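The next block holds one structure in the form of structure tokens; read it before the comments.
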Amino acid sequence: YEYYIVSNCPDGPLQSFTDTFFTTCDTATTGILNQLSYENKVFVYPNPSADMINISFEEPVHGSIELQLYNDRGELIDIKIINAYGATQLENIFFNVDKTGIYFLSVLHNEARQTIKYILKIKG
């Protein structure tokens with residue numbers, strides 16, 4: 121991290137300088153990022169799914185929606201970016217997945233995230 125410090129000395133003019141500080145962190149976040157509050161509820165169906173999913177929103181969505189698909193180990197598998205203009209439903213979304221398993225879909229919109237667990241069953 122870089123921190124900038126401004127010094128205000130009572131007996132002289134305002135002086136500023138920059139310096140670099142190093143810090144360590146005792147904790148770390150692994151796997152899926154922390155979930156932010158998302159007031160617009162998101163629904164994913166069908167669950168389980170054979171090859172594609174549909175997403176519906178409780179309220180209309182405007183702007184860019186990022187869909188991040190993670191496996192059960194927290195590894196990012198695929199990303200889709202969709203532009204929605206008042207949509208309440210996104211249909212027939214396919215992800216690049218080659219095996220049956222439990223996946224986590226993070227829906228990001230306006231700096232908020234909602235993560236949904238779903239099961240994908242690959243036909244084979």
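Residues in the sequence shown are numbered consecutively from 121, following this note's numbering. Every residue gets a Cβ at the ideal spot worked out from N, C-alpha and C, and that includes glycine. Please read all numbers here as calculations on a predicted model, not as lab measurements.
Looking at the strands, I want to know which residues DSSP matches up with T235. S226
When DSSP labels each residue in this structure, what does I201 get in the three-state scheme? strand
Y190 versus I173 - alpha carbon distance: 15 Å
Tell me the rounded alpha-carbon separation between V162 and Y223. 16 Å
Compute the distance between the beta-carbons of V164 and L225, then report whether it is under 8 Å. yes
Can you give the beta carbon distance from E179 to N160, rounded, assuming they're within the 8 Å contact cut? 5 Å
Bridge partner(s) assigned by DSSP for I213: I173
What three-state label does DSSP hand P180 in the structure shown? strand
With 16 as the cutoff for other CB atoms within 10 Å, does I199 come out buried or exposed? exposed
Closer than 8 Å by C-beta to P168: which residues in its own chain qualify, once you throw out the five before and the five after it? Chain order, please. Y238, I239, L240 and K241
Just verifying my parser: in three-state terms, what is the DSSP assignment at T208? strand
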